[in-house]
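Residue numbers (the numbering used here): 281 to 730. Report on the structure given below.
Following this line, the structure appears as structure tokens:
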């Protein structure tokens, strides 16, 4: 929960009571395994296994394990570990992302089994808002992870009894080194070590689109799938904490550059003394539960929001919806089919600006439609794909994969499931392509069905 400030002067050792303890530079106990079954430091041994599991065991009976790190996961789930719930104590085993790229303290994203007891996983934002699910386990695969096939490199097992319910997994090929990590980006990622390349290769991640992660860029942030870093601020806003943003922690989002002048707003939409106005914004992720107002026009809707100091934004499409105190997030990864606004603040010709959130019909809708078709055309021709499958997956043709991997010529490794070759997408992103032995001799049509 509170990482040590000076790792170089800390010490991990076995105490006289037989516990594994961590001390800081002042020899103060920061953490302990806190077990009572061990007798003394002469009878216990700490050992890190090839699986990555750190254990505290009996010195004379190696099979007698008092404590193991695999039972207390942080952001990483290793083969053999459990994620689930102890029905007796109520304790949960979950993955929790780091706070930022340098701080392993708990972040805002967590992966855990369904609190309602079903056999599926959710990724939560701030332990309250689920934004991705694996789908329920059917004994072979998770319903929302169709890429799990009989050739999948993991063997999952679901255990549900009177005392506990949990998932665990093992590797089909014990020569592989693989792990599942809940990244601080809010994605669950499958990483496999490739000895030839001497690096971790990303095989799989969900949500597939980075901007599908809930509130990734924080209040008044803007997420763009085609840029890195993904997050920036809306017009009229700047980073709330530049130091956090530098460490890939965007959770605090953005702040207004100029304070609103709500108290000096006029009671009509005319007049030169009016201080606050609205910006029109597109592709905004709308907060839930708007307030509906009975007004007759978009002008009346705007005026109603303008007169209320806690009104952040409004939209109008046959009816008036307003949001009080809501904090919006903008996405640029989708074509601008519908126009909505998001709150913003800034200056223009000496006036403080306030944001418009609304639907635009007529000419703007036509422009949006043309832009959408152009976007879809460019995207479709950027890479040849046969279809988009469930879960935002892109299915490539066999010829695409041959071209990307130079006919599977640069092998990174392999195992009982087949071989892995290095490839490159058209945008220069490095990829690893799994080639199952059972698919080597099939033709183009059969490959597509696989």
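All residues carry an ideal CB built from backbone N, CA and C; glycine is no exception.
Query raised in the report: When DSSP labels each residue in this structure, what does residue 284 get in the three-state scheme?
Result: Within the chain shown, numbered from 1, the residue matching residue 284 stands at position 4. In this structure, DSSP gives residue 284 a state outside helix and strand, which the three-state scheme calls coil.
Requested in this report: Identify which residue in 512, 474, 533, 477 has its Cα closest to the Cα of residue 499.
Outcome: Reading the chain shown from its first residue, position 219 is the one you call residue 499. Of 512, 474, 533, 477, the residue nearest in Cα terms is 533.
Report task. Throw me the rounded Cβ distance for the residue 349 and residue 466 pair, which I believe falls under 8 Å. Result -> For this step, residue 349 is matched to residue 69 along the chain shown. For this step, residue 466 is matched to residue 186 along the chain shown. The Cβ separation is near 24 Å, so there is no contact.
Query raised in the report: Which first and last residues belong to the alpha helix (DSSP H) in which residue 681 is found?
Result: Against the chain shown, residue 681 aligns to sequence position 401. Judged by DSSP secondary structure, residue 681 falls within the alpha helix (DSSP H) whose first and last residues are 678-684.
**Report entry** Contact set for residue 570: own chain, Cβ-Cβ below 7 Å, skip 5 residues either direction
**Finding:** Locating residue 570 in the chain shown gives position 290, where the first residue counts as 1. 601, 602, 603, listed in sequence order.
**Report entry** Span of the alpha helix (DSSP H) around residue 578
**Finding:** Along the chain shown, read from residue 1 onward, the residue named residue 578 stands at position 298. Counting along the chain, the alpha helix (DSSP H) containing residue 578 begins and ends at 578-587.
Query raised in the report: When you compare each of 353, 369, 313 to residue 345 by their alpha carbons, which one comes out closest?
Result: Sequence index remark: in the chain shown, residue 345 carries index 65 (1-based). When each option's Cα is compared against that of residue 345, the closest is 313.
Requested in this report: Could you give the DSSP three-state label for residue 525: helix, strand or coil?
Outcome: By 1-based counting over the chain shown, the position of residue 525 is 245. DSSP places residue 525 in helix when its eight states are reduced to three.
Report task. Count the other CB atoms, across all protein chains shown, that sit within 10 Å of the CB of residue 709; report buried if there are 16 or more and exposed otherwise. Result -> In the chain shown, the residue the question calls residue 709 occupies position 429. By the C-beta density criterion, residue 709 is exposed, having fewer than 16 other C-beta atoms within 10 angstroms.
Report task. Report yes if the CB atom of residue 497 is closer than 8 Å to the CB atom of residue 473, and no otherwise. Result -> For this step, residue 497 is matched to residue 217 along the chain shown. For this step, residue 473 is matched to residue 193 along the chain shown. Taking 8 Å as the Cβ cut-off, residue 497 and residue 473 do not qualify as a contacting pair.
Query - Straight-line gap, residue 422 to residue 580 (C-alpha atoms, nearest Å) - result: In the chain shown, counting from the first residue as 1, residue 422 sits at position 142. In the chain shown, counting from the first residue as 1, residue 580 sits at position 300. The straight-line gap from Cα to Cα measures roughly 49 Å.
Query raised in the report: How would you write the range of the beta strand (DSSP E) that residue 535 sits in, first residue to last?
Result: The residue labelled residue 535 in the question sits at position 255 within the chain shown. Looking at the DSSP string, the run of the beta strand (DSSP E) that includes residue 535 is 534-536.
Report task. May I have the straight-line CA-CA distance separating residue 436 from residue 491, to the nearest angstrom? Result -> Here residue 436 refers to the residue found at position 156 when the chain shown is read from its first residue. Here residue 491 refers to the residue found at position 211 when the chain shown is read from its first residue. Rounded to the nearest whole angstrom, the C-alpha separation of residue 436 and residue 491 is 28 Å.
Report task. Using beta-carbon positions only, say whether residue 295 and residue 305 come within less than 8 Å of one another. Result -> Residue 295 sits at position 15 when you count from the first residue of the chain shown. Residue 305 sits at position 25 when you count from the first residue of the chain shown. Cβ distance not < 8 Å, so residue 295 and residue 305 don't count as in contact.
Query raised in the report: According to the Cβ coordinates, are residue 434 and residue 399 closer than 8 Å?
Result: By 1-based counting over the chain shown, the position of residue 434 is 154. By 1-based counting over the chain shown, the position of residue 399 is 119. No, the pair does not count as a contact, with Cβ atoms beyond the cut-off.
Query raised in the report: Less than 8 Å separating the beta-carbons of residue 683 and residue 701?
Result: For the purposes of this step, residue 683 is identified with residue 403 of the chain shown, where counting begins at 1. For the purposes of this step, residue 701 is identified with residue 421 of the chain shown, where counting begins at 1. Contact: no.
Query raised in the report: Thinking just about the alpha-carbon of each residue, which of 339, 328, 358 is nearest to the one in residue 449?
Result: As a first step, residue 449 is located in the chain shown; it is residue number 169 there, counting from the start. Of 339, 328, 358, the residue nearest in Cα terms is 358.
Query - For residue 591, the first and last residue of its enclosing beta strand (DSSP E) - result: Reading the chain shown from its first residue, position 311 is the one you call residue 591. Unbroken beta strand (DSSP E) run through residue 591: 591-596.
Query raised in the report: When you compare only the Cα positions, how much space is there between residue 589 and residue 451?
Result: Walking along the chain shown from the start, residue 589 turns up at place 309. Walking along the chain shown from the start, residue 451 turns up at place 171. Between residue 589 and residue 451, the C-alpha separation is close to 57 Å.
Query raised in the report: residue 303 to residue 292, Cα distance in whole Å?
Result: The sequence position of residue 303 within the chain shown is 23, counting from 1. The sequence position of residue 292 within the chain shown is 12, counting from 1. When only Cα atoms are considered, residue 303 and residue 292 end up about 7 Å apart.
Requested in this report: Rounded to whole angstroms, what's the CA-CA distance from residue 310 to residue 591? Just pull it up for me.
Outcome: As a first step, residue 310 must be located in the chain shown, where it is residue number 30. As a first step, residue 591 must be located in the chain shown, where it is residue number 311. For the pair residue 310 and residue 591, the Cα-to-Cα distance works out to about 46 Å.
Query raised in the report: Per DSSP, which one or two residues make a beta bridge with residue 575?
Result: Within the chain shown, numbered from 1, the residue matching residue 575 stands at position 295. According to DSSP, residue 575 shares a beta bridge with no other residue.
Query raised in the report: Buried or exposed: which applies to residue 391, given that a residue is buried once 16 or more other Cβ atoms fall within 10 Å of its Cβ?
Result: Residue numbering aside, residue 391 sits at position 111 when the chain shown is read from its first letter. Buried.
**Report entry** Length at least 3, wholly inside the region 447-519: the beta strand (DSSP E) runs in chain order
**Finding:** Note on the region 447-519: whole beta strand (DSSP E) runs with a minimum of 3 residues are 458-462, 468-474, 479-486, 501-503, 511-513, 517-519, in chain order.
Query - Under 8 Å between C-beta atoms of residue 470 and residue 456 - result: On the chain shown, position 190 is the one that residue 470 refers to. On the chain shown, position 176 is the one that residue 456 refers to. Contact: no.
Report task. Classify residue 221 as helix, strand or coil using the three-state DSSP reduction. Result -> The structure shown does not extend to residue 221, since the chain spans only 281 to 730, so no value can be given for it.
Query - Residue ranges of each alpha helix (DSSP H) within the region 376-417, 4 or longer - result: Counting only runs of 4 or more, we get nothing.
Query raised in the report: So, helix, strand or coil for residue 565, using DSSP?
Result: Within the chain shown, residue 565 is the residue found at index 285, counting from 1. Strand, per DSSP.
Report task. Could you have a look at residue 315 and say whether DSSP puts it in helix, strand or coil? Result -> Indexing the chain shown from 1 puts residue 315 at position 35. Three-state DSSP puts residue 315 in coil, outside helix and strand.
Query raised in the report: Can you check whether the CB of residue 379 is closer than 8 Å to the CB of residue 372?
Result: For the purposes of this step, residue 372 is identified with residue 92 of the chain shown, where counting begins at 1. For the purposes of this step, residue 379 is identified with residue 99 of the chain shown, where counting begins at 1. Taking 8 Å as the Cβ cut-off, residue 372 and residue 379 do not qualify as a contacting pair.
Report task. Look at the Cβ atom of residue 384, then the Cβ atom of residue 283, and state whether they are nearer than 8 Å. Result -> Residue 384 sits at position 104 when you count from the first residue of the chain shown. Residue 283 sits at position 3 when you count from the first residue of the chain shown. Against a cut-off of 8 Å, the Cβ pair of residue 283 and residue 384 comes out as a contact.
Query raised in the report: Among all the DSSP beta bridges, which residues are the ones paired with residue 715?
Result: The residue given as residue 715 occupies position 435 in the chain shown. In the DSSP output, where bridge partners are listed per residue, residue 715 has 699.
**Report entry** residue 479 versus residue 607 - alpha carbon distance
**Finding:** In the chain shown, residue 479 corresponds to position 199, counting from 1. In the chain shown, residue 607 corresponds to position 327, counting from 1. Between residue 479 and residue 607, the C-alpha separation is close to 39 Å.
Report task. Would you mind sorting residue 368 into buried or exposed? The rule is 16 or more other CB atoms within 10 Å of its CB. Result -> Within the chain shown, the letter at position 88 stands for residue 368. Around the beta carbon of residue 368, a 10 Å sphere encloses fewer than 16 other beta carbons of the protein chains shown; the residue is thus reported as exposed.
Query raised in the report: Mind pulling the beta strand (DSSP E) runs of 3 or more residues that sit fully within the region 291-350?
Result: The region 291-350 contains these whole beta strand (DSSP E) runs: 291-294, 300-303, 309-312, 324-328, 334-338, 345-348.
Query - Helix, strand or coil at residue 531 according to DSSP, with G and I counted as helix - result: By one-based count along the chain shown, residue 531 stands at place 251. Note: residue 531 maps to coil in three-state DSSP.
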